Amino acid sequence: MDFEVDANWKLLVQFLPEGWEDKAQELGALTRRRKIVSAETLLRILLIHLADGCSMRETVVRAREAELVDISDVALLKRLKSSSEWLRWLSVHLAEQVHLPVQKPHWLQDFNVRLVDASVITEPGSTGSDWRLHYSIQLFGLSCDHFQITDQTVGESFRNYPVARGDLLIGDRIYGRIAGMNYVAEHGGDFLVRLSNKAFKVMKNEHEEFNLLDHFRALEYGEIGDFDVFYRVSKDQLKPIRLCVIKKSPEIAERSKKGVLRTASKKQQSIDEETLELHEYVFVVTSLASDVLSSEEVMSLYRMRWQVELAFKRLKSILGLGHLPKTDPDSAKAWLHGKMVVALLTAAIVEQGRFFSPWGYPLRIRG
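Residue numbers (the working numbering): 27 to 393.
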């Protein structure tokens, strides 16, 4: 085996959580030790598939050429499937290394908190196919509890997910649409979603629109605005909703506005002053009443979602290229858990990278 590749692997292993090899046996990834006899060999092969975006066939060829193991692509798919819970366990412990929320606070004990998102999967090949993977991940535990594979004509919506009483779905702006929010409520769930300007009219009462900036401008830094408002379900019916908002710091607000202007310029679009000013605030809507969660808890929960989103930016790009198992739900979940391992392992390495030295180890300073 190539010395440099072997040295890089030894460096990578340093970022894996303690007990990771024993957990492979305990969680069923190594119940059969035929050909693949160690957790190290299994993870190395899976990472060829998960990190490099190789097909199963290409992965087994590379594994054979690297003298790791000689197995078939069918056998490797079975190994991936049986490794699902082990890969999820690795994700949770890697998340701790990058300071993501993994312990559920007491004020969320009554909720099954789920992050929903979607990603386009482009499969390599001369006629590469594009799919949209809709998935939900439990915020505390990082378990994929649902996924749906569609073509790109199916948009992102809460309606793509099963909802039960006790579920609390959190999504970004694109999920802040009336049909999706109604769907969650009708199935006994709750939602928390970033509100996009002009996604729908926020109403003060039956006849009067709630002007966002008129209320936001009165806020001081660090103060959370909490408003009971309505949105229109039909011509004659309003539905109550809660709007929470916090003012960004001047630095973050300026960065947000520059980003919006840059994007608009590329698309040759114009941005009106009020829309630009709204980027000085973070505002969300939720079905949760103030006697269930305080405004501080609502914004804290959204911040947790935002922290995970930052770490999972890599997940979005890693998901974007690969061979998604489309016919077997269990294999597809294992694939997604494995992609999470790659994203969080990358984040852990970046997090610790500032402590690296050119010679590769810390110095002991003599007293």
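C-beta atoms are modelled at their ideal positions from N, C-alpha and C, and glycine is treated no differently.
Every value quoted in this text rests on a predicted model; they were computed, and no experiment measured them.
So if DSSP puts residue i in a beta bridge, which residue, or which two residues, is it bridged to?
{"i": "Phe256", "result": "Met229, Pro266"}
{"i": "Ile163", "result": "Leu141, Cys170"}
{"i": "Gly251", "result": "Val271"}
{"i": "Leu221", "result": "Beta-bridge pairing links Leu221 to no other residue."}
{"i": "Asp216", "result": "Leu194"}
{"i": "Thr312", "result": "Leu218, Arg268"}
Between the alpha carbons of residue i and residue j, how many angstroms are there, rounded?
{"i": "Leu38", "j": "Leu73", "result": "11 Å"}
{"i": "Arg258", "j": "Val228", "result": "8 Å"}
{"i": "Leu362", "j": "Val180", "result": "20 Å"}
{"i": "Ser275", "j": "Glu47", "result": "44 Å"}
{"i": "Lys230", "j": "Gly206", "result": "21 Å"}
{"i": "Gly364", "j": "Ser110", "result": "7 Å"}
{"i": "Leu341", "j": "Cys80", "result": "16 Å"}
{"i": "Gln178", "j": "Asp354", "result": "20 Å"}
{"i": "Arg105", "j": "Tyr209", "result": "37 Å"}
{"i": "Leu102", "j": "Arg281", "result": "46 Å"}
{"i": "Thr65", "j": "Ala358", "result": "What sits at residue 65 in the sequence shown is Ala, not Thr. The straight-line gap from Cα to Cα measures roughly 21 Å."}
{"i": "Glu52", "j": "Ala144", "result": "31 Å"}
{"i": "Asp240", "j": "Arg220", "result": "19 Å"}
{"i": "Val189", "j": "Leu94", "result": "43 Å"}
{"i": "Asp262", "j": "Glu234", "result": "14 Å"}
{"i": "Phe184", "j": "Leu68", "result": "36 Å"}
{"i": "Leu238", "j": "Leu42", "result": "46 Å"}
{"i": "Arg243", "j": "Gly251", "result": "10 Å"}
{"i": "Trp112", "j": "Pro351", "result": "18 Å"}
{"i": "Asn186", "j": "Leu218", "result": "16 Å"}
{"i": "Leu159", "j": "Ala374", "result": "25 Å"}
{"i": "Ala369", "j": "Glu232", "result": "47 Å"}
{"i": "Val255", "j": "Leu319", "result": "16 Å"}
{"i": "Ile163", "j": "Gly248", "result": "30 Å"}
Residue range of the beta strand (DSSP E) that residue i falls in?
{"i": "Arg60", "result": "That residue, Arg60, is in no beta strand (DSSP E); it is neither H nor E in DSSP."}
If you run the structure through DSSP and keep just helix, strand and coil, what is residue i?
{"i": "Lys293", "result": "coil"}
{"i": "Glu235", "result": "strand"}
{"i": "Val395", "result": "Because the chain is modelled from 27 through 393, residue 395 falls outside the range shown and cannot be assessed."}
{"i": "Ser179", "result": "Per the sequence shown, the amino acid found at residue 179 is Thr instead of Ser. In the structure shown, Thr179 sits in coil (DSSP, three-state: anything other than H, G, I, E or B)."}
{"i": "Tyr307", "result": "strand"}
{"i": "Leu389", "result": "Note on Leu389: pLDDT 46, under 50, position unreliable in the model; the coordinate value appears next. Coil."}
{"i": "Tyr187", "result": "coil"}
{"i": "Asp240", "result": "helix"}
{"i": "Ser81", "result": "coil"}
{"i": "His119", "result": "helix"}
{"i": "Ser357", "result": "helix"}
Within the continuous alpha helix (DSSP H) that includes residue i, where are the two ends?
{"i": "Arg70", "result": "65 to 78"}
{"i": "Leu102", "result": "99 to 108"}
{"i": "Trp133", "result": "Where Trp133 is concerned, there is no enclosing alpha helix (DSSP H), given that its DSSP letter is neither H nor E."}
{"i": "Asp439", "result": "In the structure as shown, the chain starts at 27 and stops at 393, and residue 439 therefore has no counterpart that could be examined."}
_Under 8 Å, with one C-beta from each stretch per pair, do the segment 131 to 145 and the segment 315 to 334 reach the 3-pair mark?_
Verdict: yes, contact present.
*Are three or more beta carbon pairs between the segment 75 to 86 and the segment 58 to 65 nearer than 8 Å?*
Per the Cβ contact rule, the segment 75 to 86 is not in contact with the segment 58 to 65 (fewer than 3 Cβ pairs under 8 Å).
*Check whether the segment 303 to 319 touches the segment 260 to 279, counting contact only when three or more Cβ pairs, one atom from each stretch, lie closer than 8 Å.*
Segment contact: the segment 303 to 319 against the segment 260 to 279, three or more CB-CB distances shorter than 8 Å; contact assigned.
*With a cut-off of 8 Å, do at least 3 Cβ pairs link the segment 163 to 179 to the segment 197 to 212?*
Segments in contact, no.
*Report yes or no: do three or more beta-carbon pairs, one from the segment 311 to 331 and one from the segment 263 to 270, lie closer than 8 Å?*
The segment 311 to 331, when compared against the segment 263 to 270, does touch it at the 8 Å Cβ threshold.
*asked:* Quick test of the definition: if touching needs 3 or more C-beta pairs under 8 Å, does the segment 192 to 200 touch the segment 285 to 302?
replied: No, the segment 192 to 200 is not in contact with the segment 285 to 302.
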